Every structure is written in C-alpha cells, then in structure tokens.
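Student: The opening position of the sequence shown corresponds to residue 12 in our numbering, with each subsequent residue numbered one higher.
Using N, Cα and C, we set each Cβ at its ideal position, and we do this for glycine too.
What you are looking at is a predicted structure, and each value in this text was computed from that prediction instead of being measured.
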Amino acid sequence: MNSDDQRQLPEPPTLDTLHRAFSLHQQGRLADAARLYEQILAAEPSNFDALHLLGLTAHQSGDHERAVELISAALRIDQTQPDACSNIGLALQALGRFSEALAFTDVAISLRPKSSSGHSNRGNILRDMKRLPEALASLDRAVALDPSDAIALNNRGNVLLDLGRLEEALAGFDRAIALRSGLVDAHLNRGNALAKLHRLEEALECIDGVLAIEPQRAAAHANRGAVLQQVRRLDEAIAAYDRAIELKPDFAGAKFNKALALLLDGRFDEGWPLYECRVVQGMLSLPKPAWLGGKEIRGRTVLLHSEQGLGDTLQFCRYAALVKEMQARVILRVPSPLVGFVSTLQGVDAVVSESDALPEFDEHCPLLSLPLAFRTRLDTIPAPSPYLSSR
C-alpha cells in the first residue's frame, strides 16, 4: 500500500458500546440493542458477550432458531458461562427440543448450583416433558434456595395444578402474588386454579383483573371464554374465544374450545368445521387421504378410526351405518377393549384393534369427523335404538 493511499481503519467498538447496547436491552428496546450488538460483531466476530446477548434478543423476539445459532457460537468461545447455557436452554425449550434444553440447563446448574432460576427453568422443561414428579422436585429446590422467588413459586403452582393438587397450587399462586403483585402470569394461573376448583365467579373476577392490566393477553381471553362456557354463557364465551384468536391467529386451544361452545349452542354449521382444528393438534397420520364427505365412495374401502376416549368411540360409531349406506366397505378401528362390543354394530364389514397392523383401505375418516362429513344438524343426528348390544 502506497503511503499516499493509506485508509483509516475503523476504530474497534469500545466497551461503552456494549454497555449502551445492554442498557437498551434492559429497557426492552430489542431492535436497537441488536443493532449495536451486530455493530460490535462486525468488528469483533468472536466477541462472546455480543454473540450471547444478540442471541438472547433473538430469543426474546421469537426467533429461537437464530438464538440457538448465536448462543452456540458464543459457547464455542467460552463453555463456562452459566447464563449462556441457561439461555440456550430456554431457546431450545421454545423450539420443543426438550432433551437438549434439559442438557444445557443441567450444565448451567452445575456451573451455578445455587441458582433458583436455574432449578426453576429445569422444572419448566421437565413439565413440558410430562415428567411431573421430577419437575416438582426441581421447583421445590428452586423455592428452597430462594423462598422469595415469585417466578419459581408460580412455576411450581403450575406443576401442582397439572398434578391435580389444586388447593396447594392456589396457595402457591397466592404466595407468588403476595411477593410480586405485578406478576401477571401468577394472577392468570390463579384464575385457572379457581376455575378447576369450580369457584367460577372468583375465577372470572381474577381473569378480568388480568385483562384490565394486559388487554392484549390472548391466553386470558381464552381462559375467560372457558369459564364463561362452564357457566353456559355461550355467546360471551364465543366472543372471548374470538378475541383470543384475533390476537393469536394460530391459537389452537381457543379454536378447539370455540368449536365446543358452538356445538353446545347448537350452531352445528359453524361448530363441526371448526372442530377439525383438533386434527392439527396431533391426529394419527395415515398413508391414505381423509374422507370428509362430498366425494363418491361407492365400492371404496373406508377406514373409520377412533381418536379420543372410549366414550367418544361408542358415541360416534353409530355413523358407520351411514357410510355403509353409501355402498362403501367399512372397516372400524377401535381400542382393543371395544373390539368385541362394537362388532355388534350394523353397517361394519370388519372391526380391527388399534394394536393390529393397519388394514388395506382407500380413504379414512376419524369418528369425530363423521358429523361434519354428513353435515349433521340437530334434526339429523342418527339415533337408531339400539345400535349396539352385548349379544
């Protein structure tokens, strides 16, 4: 490089830049903080703090994949930082990668064993994994380490709620609120506990209090709908679910509960189509197309299959005769204990157990989708009597 062609290299970012970025981060100005973290990384790609904190802003903004990528890069520089291990665990948990989240959280706890928040995070992950006794043990440990940790108390209350220990859960939420009155999640969970205890007016009052503080909280509107549904204030319940779905368009739970409310209200034309949202929540995946009515099935083999409890199977298997009337071959797949009983059903060519290999078929239909397939109204509910017998 000629002396008359020298260019001034940019000054590397100073520690002051990181401090300013972190201050913005603490104020919740995530985009502004992220820009400064990126500015630091443009000059210092291996800056641990900038990588970690930029990853944290990504997680807090909902971009959990990018958070994992960035915090992983930070941990390749320094694996001994408990906060980074904890935060990548939170991002992995948000992605549903629970085993990996637990592994990183365990590392964070090994690096900082007396961290109440670490044990609390571990309890939340174990709850997501349905390992409730272990989750409760972790949260007990969190509360023992810091009895004033309102978030840990709230999380512990959720596990107690899952375990059906309702009074203990309610006491835990009350304690969390006494310690931190502004913890909105604890108020919302308290409302859930009151609803499960059938203290419905108190539950509604509690949820309305949450909405007075956070009117954009979709879960609170959905919970309000559930309580209103229990007291059969169906129009109000449906309006609450609508508001929840407006705020969170992918809110499967609110859609499902709205469908139930519509059906309870006799609004079948709206309820049955919306009730199909349950399919998104984990319907058995089958290799052939679903039949939901509106298509000729003469001469075709249709597999009708259970999807929920034994009672629903017994309730909706009556529709098999309607499928048979369309001159289809009907196979009914049910839980093993029901095979003998439903073999008495008219209109079924074969009954197989869920534990058997899948038979050959052309189309399939979940039993609870048959009312939609036949566009059931109140006056067209099939009601043969009897349609099952014990022989």
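Counting only runs of 4+ residues fully inside the region 103 to 132, write out the alpha helix (DSSP H) ranges in chain order.
Tutor: Within the region 103 to 132, the complete alpha helix (DSSP H) runs of at least 4 residues are 109 to 122.
Student: Can you tell me where the beta strand (DSSP E) with valine 362 in it begins and where it stops?
Tutor: Here the beta strand (DSSP E) through valine 362 covers 361 to 364.
Student: Taking only three categories from DSSP, how would you classify arginine 176?
Tutor: Coil.
Student: At the level of alpha carbons, what is the spacing between arginine 137 and leucine 333?
Tutor: Looking at the sequence provided, one finds leucine at residue 137 rather than arginine. So the two alpha carbons sit approximately 45 Å from each other.
Student: Give the straight-line distance between the Cα atoms of alanine 32 and threonine 324, rounded to the nearest whole angstrom.
Tutor: Roughly 58 Å between the two C-alpha positions.
Student: If you drop the 5 nearest sequence neighbours on each side, which residues of the same chain put their C-beta closer than 6 Å to that of valine 345?
Tutor: Counting only Cβ-Cβ distances below 6 Å, and skipping sequence neighbours, we find Ser317, Thr324, Val353.
Student: Roughly how many angstroms lie between the CA atoms of alanine 361 and leucine 383, to the nearest whole one?
Tutor: Taking the straight line joining both Cα atoms gives about 23 Å.
Student: May I ask you to report which of helix, strand or coil DSSP gives leucine 343?
Tutor: In the structure shown, leucine 343 sits in a strand (DSSP, three-state: E or B).
Student: Would you mind reading off the limits of the beta strand (DSSP E) that contains cysteine 217?
Tutor: Here cysteine 217 belongs to no beta strand (DSSP E); instead the alpha helix (DSSP H) covers 211 to 224.
Student: Hey, would you say alanine 146 sits closer than 9 Å to asparagine 135, going by beta carbons?
Tutor: Against a cut-off of 9 Å, the Cβ pair of asparagine 135 and alanine 146 comes out as a contact.
Student: Alpha carbon to alpha carbon, how far is isoleucine 342 from glutamine 357? Give it in angstroms, no decimals.
Tutor: Each residue's alpha carbon lies about 12 Å from the other.
Student: If you draw a straight line from the alpha carbon of arginine 228 to that of threonine 355, how long is it in whole angstroms?
Tutor: Taking the straight line joining both Cα atoms gives about 50 Å.
Student: On a CA-only basis, which of Glu247, Lys306, Ala231 is nearest glutamine 338? Give me that one, please.
Tutor: For glutamine 338, the nearest C-alpha among the options comes from Lys306.
Student: Please report the distance separating the alpha-carbon of cysteine 96 from that of asparagine 169.
Tutor: When rounded, the distance between both Cα atoms is 24 Å.
Student: Return the CA-CA distance between isoleucine 51 and serine 128, expressed in angstroms with no decimal places.
Tutor: One C-alpha to the other measures close to 29 Å.
Student: Leaving out five residues on either side along the sequence, give the residues of the same chain with a beta carbon under 6 Å from the beta carbon of alanine 214.
Tutor: The answer, listed in chain order, is Gly202, Leu205, Ala206, Val238.
Student: What's the gap between the Cα of glutamate 225 and the Cα of aspartate 196?
Tutor: Distance between the alpha carbons of glutamate 225 and aspartate 196: 11 Å.
Student: Less than 9 Å between the C-beta atoms of serine 72 and leucine 41, yes or no?
Tutor: In this structure, leucine 41 lies closer than 9 Å to serine 72 by Cβ.
Student: Indicate whether tryptophan 283 and arginine 176 have their beta-carbon atoms separated by less than 9 Å.
Tutor: Contact flag unset, no.
Student: Leaving out five residues before and five after arginine 388 in sequence, what residues of the same chain have Cβ atoms less than 8 Å from its Cβ?
Tutor: Result list for arginine 388: Phe279, Asp280, in chain order.
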